[in-house]
Structure formats: structure tokens, C-alpha cells
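One structure is given below, encoded as C-alpha cells.
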Amino acid sequence: MEDKKVSLKIDGKVYECDAGMTILEACAKAAIDIPTLCYLKDINQEAACSICLVEVKGAKTLLRSCVTSIKEGMEIFTNTERVRNARRLNLELLLAGHPKDCLVCDRNQSCELRKLAFDMGIREVRFPKTTKTELPLDATSVSLSRDPNKCILCGRCVSVCSAIQSVKAIDFSGRGKSSKVTTFFDSGLANSVCVNCGQCLLVCPTGAIIEKNAIEEVWHALSDPKKFVVVEVAPAVRAAIGEEFGMPAGSLVTAKLAQGLRKLGFAKVFDTQFSADLTIMEEGYELIQRIKNKGILPMITSCSPGWIKFAEHFFPGILGNISSCKSPQQMFGAVAKTYYAEKYNIDPRNIIVVSIMPCTAKKFEASRPEMQSAFDYWKNKMALKEDEAFRDVDYVLTTREASRLIKEAGINFINLPGEDFDEPLGISTGAAVIFGATGGVMEAAVRTAYEVLTGRQLEKLDFMNLRGLNGIKVADIDIDGLNLKVAVANSLSNARVLLEEIEEGRSPYAFIEIMTCPGGCLGGAGQPIPTNNEIRLKRMEAIYREDKNKPLRKSHENPAVQALYKEFLGQPLGEKSHHLLHTYYKKREGVL
Amino acid sequence: MEHKKLNPELVSLVQQWKGKEGNLIMILHEIQNHHGYVPRELSLELSKMLDVPLARIYEVITFYNFFKLIPPGKHRIALCMGTACYLRGAAVILDEIKNILGIKEGQTTKDGLFYLDVVRCLGCCGLAPVVMIDNKVYGKVKKNEVADILSKYIKEE
Numbered sequence: 019m020e021d022k023k024v025s026l027k028i029d030g031k032v033y034e035c036d037a038g039m040t041i042l043e044a045c046a047k048a049a050i051d052i053p054t055l056c057y058l059k060d061i062n063q064e065a066a067c068s069i070c071l072v073e074v075k076g077a078k079t080l081l082r083s084c085v086t087s088i089k090e091g092m093e094i095f096t097n098t099e100r101v102r103n104a105r106r107l108n109l110e111l112l113l114a115g116h117p118k119d120c121l122v123c124d125r126n127q128s129c130e131l132r133k134l135a136f137d138m139g140i141r142e143v144r145f146p147k148t149t150k151t152e153l154p155l156d157a158t159s160v161s162l163s164r165d166p167n168k169c170i171l172c173g174r175c176v177s178v179c180s181a182i183q184s185v186k187a188i189d190f191s192g193r194g195k196s197s198k199v200t201t202f203f204d205s206g207l208a209n210s211v212c213v214n215c216g217q218c219l220l221v222c223p224t225g226a227i228i229e230k231n232a233i234e235e236v237w238h239a240l241s242d243p244k245k246f247v248v249v250e251v252a253p254a255v256r257a258a259i260g261e262e263f264g265m266p267a268g269s270l271v272t273a274k275l276a277q278g279l280r281k282l283g284f285a286k287v288f289d290t291q292f293s294a295d296l297t298i299m300e301e302g303y304e305l306i307q308r309i310k311n312k313g314i315l316p317m318i319t320s321c322s323p324g325w326i327k328f329a330e331h332f333f334p335g336i337l338g339n340i341s342s343c344k345s346p347q348q349m350f351g352a353v354a355k356t357y358y359a360e361k362y363n364i365d366p367r368n369i370i371v372v373s374i375m376p377c378t379a380k381k382f383e384a385s386r387p388e389m390q391s392a393f394d395y396w397k398n399k400m401a402l403k404e405d406e407a408f409r410d411v412d413y414v415l416t417t418r419e420a421s422r423l424i425k426e427a428g429i430n431f432i433n434l435p436g437e438d439f440d441e442p443l444g445i446s447t448g449a450a451v452i453f454g455a456t457g458g459v460m461e462a463a464v465r466t467a468y469e470v471l472t473g474r475q476l477e478k479l480d481f482m483n484l485r486g487l488n489g490i491k492v493a494d495i496d497i498d499g500l501n502l503k504v505a506v507a508n509s510l511s512n513a514r515v516l517l518e519e520i521e522e523g524r525s526p527y528a529f530i531e532i533m534t535c536p537g538g539c540l541g542g543a544g545q546p547i548p549t550n551n552e553i554r555l556k557r558m559e560a561i562y563r564e565d566k567n568k569p570l571r572k573s574h575e576n577p578a579v580q581a582l583y584k585e586f587l588g589q590p591l592g593e594k595s596h597h598l599l600h601t602y603y604k605k606r607e608g609v610l
Numbered sequence: 003m004e005h006k007k008l009n010p011e012l013v014s015l016v017q018q019w020k021g022k023e024g025n026l027i028m029i030l031h032e033i034q035n036h037h038g039y040v041p042r043e044l045s046l047e048l049s050k051m052l053d054v055p056l057a058r059i060y061e062v063i064t065f066y067n068f069f070k071l072i073p074p075g076k077h078r079i080a081l082c083m084g085t086a087c088y089l090r091g092a093a094v095i096l097d098e099i100k101n102i103l104g105i106k107e108g109q110t111t112k113d114g115l116f117y118l119d120v121v122r123c124l125g126c127c128g129l130a131p132v133v134m135i136d137n138k139v140y141g142k143v144k145k146n147e148v149a150d151i152l153s154k155y156i157k158e159e
């Protein structure tokens with residue numbers, strides 16, 4: 019069936035297409051872009067919006083090209099008066115219920131609805147506003163904000179939450195004109211099983227789901243002369259932020275980014291990659307310890323905060339499998355406000371840590387109540403009161419928010435010559451860069467574990483079978499006769515497969531990496547929109563290019579991390595590490 | 003609100019229907035028959051027992067008008083808005099009931115006495131406009147009679 023060909027006519031020309039294709043796919047082959055709105059390949063094919071209508075000879079009505087399969091001898095017309103009018107009418111009806119506040123909308127530059135209205139020549143909406151009452155925002159979450167008034171009920175968010183993430187926090191409620199997308203009893207994302215991954219935001223064609231913005235707070239901190247404001251940048255940001263300035267996907271802008279951030283007025287421009295190397299030290303030693311002491315295996319990585327909340331909701335029985343290591347973002351905050359503060363004699367109360375992340379769940383992670391180890395460290399030493407408590411990481415900005423800071427400041431990003439990150443917390447290795455891609459943490463950990471366990475130098479640093487966009491990747495890694503069985507999953511529906519194996523006691527692995535978002539952090543919900551597989555692959559290629567070009571490519575060779583252990587922490591998994599760099603997880607109910 | 007739990011009958015029903023297609027609606031029906039509505043706590047319990055996401059349960063109970071999210075009042079007022087009743091002024095009667103009781107359709111009065119439902123055709127169009135309270139039918143209702151009709155039920159308390 020799959021390799022059978024079908025002959026059909028599109029706008030008068032004959033084409034041979036694979037049987038089983040939809041009209042939409044066949045038209046794409048014929049270089050005709052049918053406008054779509056709700057359609058999202060392989061994820062959302064609900065035929066909800068009726069924008070992709072085409073005329074088919076012999077059919078009584080116009081057909082939705084996204085869900086209609088092609089047939090032998092079909093005659094399709096994509097650009098008739100009837101088609102154009104029907105598409106326009108449907109779009110106009112959608113616009114009638116929309117606030118149309120595009121000038122001040124977060125998604126002004128990336129809104130598919132706005133673009134479609136322009137491309138389809140809508141210059142007037144003839145219908146009165148259809149929704150009678152203003153629906154309340156869902157602002158409960160610290161990561162995401164939902165505005166049902168901007169929602170066009172395409173269902174992409176519902177599909178991605180269910181099919182890609184298997185979280186199912188949101189669904190439709192009501193029907194007819196009272197339909198909306200919501201959580202159980204409208205109780206809000208924060209009171210649901212939502213893991214804050216934000217993949218719903220990334221696929222939303224309008225501004226109905228956006229991140230909780232922290233731009234004003236960061237400007238405020240930057241203008242406060244008493245504050246020592248430092249910034250840390252996650253690996254995946256440098257492989258994507260260029261897109262916000264019109265650069266092609268896959269542009270690597272590490273040096274421009276460091277310079278741009280310095281121009282914004284940050285006292286020090288540091289790198290989350292420093293603490294990614296630190297994470298490998300702690301996590302690598304934790305793995306070695308678990309294997310040697312017959313601890314709980316497989317051990318699972320803990321960098322991705324969406325996955326952590328997912329485990330707390332859906333897999334509370336395997337929390338012991340998750341590495342106790344904090345994520346690089348949180349390790350950075352804890353180190354900046356203890357080691358760095360001490361070394362450079364800065365009052366930790368005056369240090370503000372801003373992180374730039376490809377992620378919306380990082381906002382939630384930074385707000386977790388236990389993430390104030392630096393305060394706990396100083397509390398007794400400085401006789402601090404509880405009301406003086408400060409967070410390890412004060413503000414989390416997404417890649418998109420960071421680009422807006424740079425634009426607001428009038429910095430000509432593209433033409434910046436580029437500068438280095440600051441020492442010492444800006445020094446990193448290639449092993450840290452690849453944290454930004456699925457499989458990267460695993461590869462980085464293996465590079466270090468091999469050398470620590472064998473005492474010999476690893477010849478081949480590139481573990482190609484851990485790379486790429488496949489949902490689950492497995493490998494057998496030989497460490498001097500010790501066979502380390504590892505697995506890597508990206509997106510939570512793939513993670514679920516590996517987690518169910520663990521629950522049922524049939525997991526063959528010793529070490530598992532889980533990243534919440536498809537492709538890993540480079541496909542996170544804080545990244546430029548659009549993010550699709552083609553763009554993910556380009557960002558991934560940029561990340562491995564950066565790794566290849568780094569003089570040091572193994573975390574344990576990072577001189578700044580070595581100095582941190584020598585001057586402050588002592589050794590991996592030591593007393594100080596335990597307090598500052600490790601954390602714990604707790605079971606969460608499905609609803610609060 | 004008192005804490006509601008699935009009674010043994012419902013638990014065995016859930017067990018019986020577990021894994022079968024269309025089970026959610028069947029079980030929700032039984033819950034509503036038993037409690038008069040679908041209590042939130044029972045949705046939570048059901049979600050765990052059937053392994054159905056909470057958002058999905060909410061989708062189902064809000065999609066069908068049949069399912070109620072709030073406890074019904076002691077007396078159900080069914081006001082007919084079918085064609086005949088509508089033409090004979092049902093909208094005026096509806097407004098009057100709303101005014102007197104201070105609730106909208108689909109709501110229950112604060113004292114829990116009345117629940118207001120708007121329905122289509124009760125099958126006695128000759129009596130339009132028709133209001134039915136519990137099982138008693140009031141025909142050819144006039145606006146100034148509404149207060150009297152309702153007060154009977156209030157006095158009973």
C-alpha cells in the first residue's frame with residue numbers, strides 16, 4: 019500500500035504521488051502551500067480550523083486537505099474563487115472572537131494567525147466580536163501564562179501535552195461557544211500535573227500561551243547600583259538566540275552573546291556551562307559510587323526540571339533512581355553566592371543571579387522552596403534572619419526574553435565582534451556545550467567516567483550513537499571490560515517507556531538521561547519560535563560544532579572546576595557539595 | 003463540604019468497567035444518579051482508579067449538559083423554552099424566576115432549595131408557558147404568579 023502510486027490532478031496538472039498521502043502533502047509536493055492553522059504534522063491533525071479547504075471535483079463540499087487522503091484520478095483545485103472565499107470567511111470568523119491586540123502582543127513577531135490573516139488578504143473583519151465575556155487568564159503558574167481569549171481552539175497544545183509529553187494537564191471543556199482549553203475544574207496550571215515544559219507554548223499559533231516574563235525585574239536589578247548582577251547562560255541559548263535577530267537557524271553566537279550581555283550592564287557574564295562541567299563531576303562520581311556500592315540503578319539524570327516534576331507526579335516510586343545532583347542552573351546559583359562571593363569578598367545578599375535558559379520549566383525550578391542553599395550556607399555565618407532569605411537563582415529569562423532585553427537596549431547584536439565569558443565561572447569545556455542536545459549529558463558523563471574509572475585517556479570522544487533526534491537511544495559502553503548499558507530519552511512520552519521498565523523491574527540500564535523536550539534543551543520552550551525538527555537539527559549541529567572547537571572537551575579537565583574543588587568544595591560528593599549541589603524530590607499529587 | 007468517597011457499589015462498578023471502552027461516561031452516569039451531580043473529589047478518585055487524566059474527565063462532564071458540577075437544589079425548577087412556551091413569553095417567566103431567586107440557569111440557590119434548569123418541550127404545549135417544579139406542572143404561568151408558586155416551596159421548609 020505504502021509504495022503504491024496514485025495519479026491525480028492538482029490545479030490542472032497531473033502528479034504521481036504516494037498512496038496514503040493527504041491532499042495537503044500532495045500539494046506540498048506540487049509546490050503549493052495550502053494555508054494551515056491547526057495542523058501540526060504528526061501531532062495535531064484534528065481538522066479544527068477549516069483553513070486548509072480545497073475543492074475536489076465531484077465532492078459536495080469543500081474538503082479539509084490536512085485530513086483527506088488522495089485517491090486515484092482525484093481532481094483538486096486549490097485556488098478557486100469558492101476556495102478563497104471559504105478560507106477567508108473561516109479565518110474572519112476566527113478573528114472575530116480574537117482580541118486583535120497584535121501591537122502589544124508577546125507573539126507579535128511569531129504569530130501564525132497574524133501572518134495568515136495578512137497572507138490571505140484579510141484587511142477587514144466584518145463580524146462583531148463573538149465572545150461576550152472576557153475569560154479570566156490562567157496566571158497560576160510561575161512558568162506559563164494562558165489567555166483563553168486569544169485561543170482559537172486549534173487543539174495543538176492539547177495534542178502536544180498528551181501525545182508528545184504524556185502529561186495531559188489540559189483538555190477542552192464545555193462546547194459550542196463556551197468551548198475552551200483548560201485544566202481540571204479550571205483550577206489553573208499550577209494546580210495541575212503540568213510540568214511547565216511549555217511545549218504547548220511552542221506550538222501555539224497565537225499568543226494564548228506565553229512565558230511569565232521577568233524582563234522588568236531584571237532591568238530593575240541592573241539599574242540598582244547596590245546590586246552585583248551576574249548572568250549565567252545555558253548551552254542551548256548560544257545555538258539559537260541568533261534566530262531572534264534574523265540570523266539563520268544553526269548560527270552559533272557564543273561570543274556575540276557574551277558581549278551583548280556585558281553591554282546590558284551585567285557585572286559578570288558567566289556561563290551555565292561552567293556548572294554543567296561541575297554537574298558532570300558530581301553526577302559522574304555519584305554514578306560510580308552507585309555502581310560500586312550496589313546503590314539504586316539505573317541512575318537517571320536530573321538536569322531537566324520538567325522531567326523532575328513529571329517524575330514527582332507520575333513516577334513517585336522511582337524518585338530514588340534520580341541523581342540527587344541539582345541542575346547546572348541551580349548549581350551555578352549556589353556556587354556564585356557562596357564560593358564566588360567568598361573569593362571576591364562580595365556580600366551574597368547583594369548578588370543577583372540572572373539565568374538565561376532555553377526553558378520555561380527553569381522558572382519553576384528556581385522558585386522551588388528548597389533552592390536557597392546559599393542562604394542556608396550564610397545564615398549562621400552572617401547571622402541572617404529568615405526574612406533576609408534569598409534565592410540561589412533570582413530571575414530566569416528565556417532565550418526569547420533575553421533577546422528582547424538586547425533589542426530594548428538598542429544593541430546591534432548581529433554586528434557585535436564578540437567577547438569571552440568572564441573568569442572563573444565562565445570557563446567551560448566541550449562536554450558542557452553538548453548538555454544542550456539530547457544525549458549530551460550522557461556523552462559528557464561517559465567521557466569523564468571512562469577516564470576516572472580507567473585512569474587512561476579516552477581516545478574517541480564522539481559517541482555518535484548517543485546523538486540525533488531519535489526518541490530513545492541506547493548504547494553499550496565498554497569501560498575496560500565493564501559494560502555500561504545506557505539509554506537516552508527525549509520528550510516525556512519516550513521517557514515514560516524507560517520509566518515503566520524501571521517500575522516493572524526489567525530495566526537493563528545502569529544510566530539513563532532524560533530530557534523533557536524533543537531534541538533536548540535546544541528544543542525547549544524558551545527558544546525562538548518556530549522550533550521544528552529541521553531547526554532542531556541545525557541547532558544541534560551548531561552545538562556539536564562548538565564542542566569540537568573547544569580546546570578542552572572533558573569536564574574534569576575544566577581548570578576553573580578543578581580550582582573550585584581545590585579552594586572550596588574539597589571533593590565531589592563531599593560535605594559542601596552535599597549541601598550546595600545536591601537536592602531531593604517529593605511525591606506530588608495530581609491536583610492541589 | 004463533606005468529604006465524599008465512592009461507595010462500595012460504585013467501586014465494584016468501576017472494577018467491572020475498567021479497561022472497557024466508554025467506561026468513563028457510564029461510571030459518571032452512575033455517580034450522578036447517586037449524588038445528583040459529579041462531586042470533584044469523586045473525579046479525583048476516578049482519575050486514579052481508571053487512569054484517566056483529570057482534564058479529560060472535566061472535558062466529558064462539561065461537554066454534556068446532563069452532568070452537573072454542583073449539588074442540585076432540593077427542588078428542580080424546569081422552565082420550558084421550547085417553541086410554544088418561548089412564543090407565549092417563557093423568557094419573561096425565566097427573568098422573573100432569576101430575579102426572585104438571584105440565580106442563573108444551571109445554578110442552585112445559596113440555601114440549596116432551588117435548582118434552575120432551562121429545558122426544551124415538556125410535552126404539554128397547550129399549557130404554554132410551562133414551569134415544572136419537581137414533578138408538578140404549572141401551566142399558563144403569568145409573571146405575577148411566579149412569586150406565589152415559589153413561596154409554597156419556601157413555606158414548606
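Chains as they are written, first to last, in our numbering: chain A, 19 to 610; chain B, 3 to 159.
Beta carbons: idealized from backbone N, C-alpha and C, even for Gly.
None of the values given here were measured: they were computed from a predicted structure.
At least one CB of chain B closer than 9 Å to the CB of Thr601/A: is that the case? Judged by the 9 Å Cβ criterion, Thr601/A is not in contact with chain B.
Item checked: Sequence-distant residues of its chain with Cβ nearer than 7 Å to Lys503/A (five each side left out) -> Beyond the five residues adjoining it in sequence on each side, Lys503/A comes within less than 7 Å, by CB distance, of Asp494, Pro526, Tyr527, Ala528 in the same chain, given in chain order.
Query raised in the report: Which residue or residues does DSSP assign as beta-bridge partners of Ala637/A?
Result: Limits of chain A in this structure are 19 at one end and 610 at the other, which puts residue 637/A out of reach.
Could you pull the start and end residues of the alpha helix (DSSP H) that Leu415/A belongs to? Per DSSP, Leu415/A is not a residue of any alpha helix (DSSP H); the beta strand (DSSP E) it occupies stretches across 413-416.
| said: DSSP three-state label for Asn62/A, please. | reply: Three-state DSSP puts Asn62/A in a strand.
What residues of chain A sit near Glu61/B, judged by a beta carbon separation below 8 Å? Against Glu61/B, the close residues of chain A are Asp189, Phe190, Ser191, in the order they occur along the chain (beta-carbon pairs closer than 8 Å).
- prompt: Within 10 angstroms of its Cβ, does Phe136/A collect 16 or more other Cβ (buried), or is it exposed?
  reply: Exposed, because fewer than 16 other Cβ atoms sit within 10 Å of the Cβ of Phe136/A.
Check your understanding: Can you name the residues of chain B whose CB is closer than 7 Å to the CB of Phe203/A?
Key -> What Phe203/A touches in chain B: Arg42, Tyr60.
Exercise. DSSP three-state call for Tyr33/A: helix, strand or coil?
Worked result: Residue state, collapsed to three classes: strand.
Locate the alpha helix (DSSP H) running through Ala104/A, then write down its first and last residues.
-> Where Ala104/A is concerned, the enclosing alpha helix (DSSP H) stretches over 99-114.
> Do Thr297/A and Val459/A have their C-beta atoms closer together than 9 Å?
Replying inline: The Cβ-Cβ distance between Thr297/A and Val459/A falls below 9 Å.
- prompt: So, do the segment 69-77 of chain A and the segment 182-194 of chain A have three or more beta carbon pairs nearer to each other than 8 Å?
  reply: Three or more Cβ pairs closer than 8 Å define a contact, and the segment 69-77 of chain A falls short of that threshold against the segment 182-194 of chain A.
Quiz item: How about Val133/B and Leu81/B: do their beta carbons lie closer than 9 Å?
Solution: The beta carbons of Val133/B and Leu81/B sit closer together than 9 Å.
_Pick from Glu477/A, Gln580/A, Leu80/A that is closest to Pro93/A, judged by C-alpha positions_ = Pro is not the amino acid found at residue 93/A; the sequence shown has Glu there. By alpha-carbon distance to Glu93/A, the top candidate from Glu477/A, Gln580/A, Leu80/A is Leu80/A.
Quick one: is Val46/B near chain A, going by C-beta distance under 9 Å?
Looking at the sequence itself, residue 46/B is Leu, so the reference to Val does not match. Leu46/B counts as touching chain A.
**Request:** Give the straight-line distance between the Cα atoms of Asp295/A and Phe350/A, rounded to the nearest whole angstrom.
**Result:** Roughly 11 Å between the two C-alpha positions.
Worksheet entry | Continuous alpha helix (DSSP H) stretch holding Asp97/B: start and end | 92-103 is the extent of the alpha helix (DSSP H) around Asp97/B.
**Prompt:** Is the segment 410-420 of chain A close to the segment 374-381 of chain A, with three or more CB pairs under 8 Å?
**Reply:** The segment 410-420 of chain A makes contact with the segment 374-381 of chain A; the number of CB pairs closer than 8 Å reaches 3 or more.
Cys123/B by DSSP, collapsed to three states: which one?
-> Reduced to three states, the DSSP call for Cys123/B is coil.
### Query
Looking at the unbroken alpha helix (DSSP H) that takes in Lys310/A, where does it start and where does it end?
Annotation for Lys310/A: the continuous alpha helix (DSSP H) segment containing it runs 290-310.
Exercise for the section: Have a look at the DSSP bridge pairing and note the partners of Arg1/A. Expected result: With chain A running from 19 to 610 in the structure shown, residue 1/A is simply not present.
Under 9 Å between beta-carbons, which chain A residues line up against Phe69/B? List them in chain order, please.
What Phe69/B touches in chain A: nothing, since even the nearest Cβ is about 11 Å away.
Whole-angstrom C-beta distance between Ala257/A and Ile561/A, which should lie under 8 Å: Rounded to whole angstroms, the Cβ separation of Ile561/A and Ala257/A is 5 Å, and the two are in contact under 8 Å.
So, are the CB atoms of Met389/A and Ala252/A less than 9 Å apart? When the beta-carbon positions are compared, Met389/A and Ala252/A stay at least 9 Å from each other.
- request: Mind listing the chain B neighbours of Gly608/A? Cutoff is C-beta to C-beta under 9 Å, in chain order.
  value: Per Cβ cutoff of 9 Å: Leu46, Ser49, Lys50, Pro55, Leu56.
Q: Using beta-carbon positions only, say whether Ile424/A and Gly278/A come within less than 9 Å of one another.
A: Cβ distance < 9 Å, so Ile424/A and Gly278/A count as in contact.
message = Output needed for Glu107/B: all residues of its chain with C-beta closer than 6 Å, excluding positions within five of it in sequence on either side, in chain order.
response = Closer than 6 Å at the Cβ level, and outside the excluded window around Glu107/B, lie Leu118, Val120.
message = Going by C-alpha to C-alpha distance, which of Lys195/A, Tyr33/A, Ala37/A sits closest to Lys23/A?
response = Put simply, of Lys195/A, Tyr33/A, Ala37/A the residue whose alpha carbon is nearest the alpha carbon of Lys23/A is Ala37/A.
Pull out every residue of the segment 160-186 of chain A whose Cβ sits closer than 7 Å to any Cβ of chain B, in chain order. Close to chain B, meaning a Cβ-Cβ distance shorter than 7 Å, are the following residues of the segment 160-186 of chain A: Lys186.
Cβ-based neighbour list, Met51/B, same chain, cut-off 6 Å, excluding 5 preceding and 5 following
Hits under 6 Å: Val16.
When the Cα of Cys70/A is compared with those of Leu134/A, His600/A, Met482/A, which residue comes out closest?
The candidate whose alpha carbon is nearest that of Cys70/A is Leu134/A.
Quick check: Val139/B and Ile95/B, are their CB atoms within less than 9 Å of each other?
Cβ distance not < 9 Å, so Val139/B and Ile95/B don't count as in contact.
Evaluate contact between the segment 172-183 of chain A and the segment 209-219 of chain A, counting only Cβ atoms and requiring at least three cross-stretch pairs below 8 Å. Because the criterion of three Cβ pairs below 8 Å is met, the segment 172-183 of chain A and the segment 209-219 of chain A touch.
Does the beta-carbon of Asn363/A have 16 or more other beta-carbons within 10 angstroms, so that it is buried, or is it exposed? Asn363/A comes out exposed.
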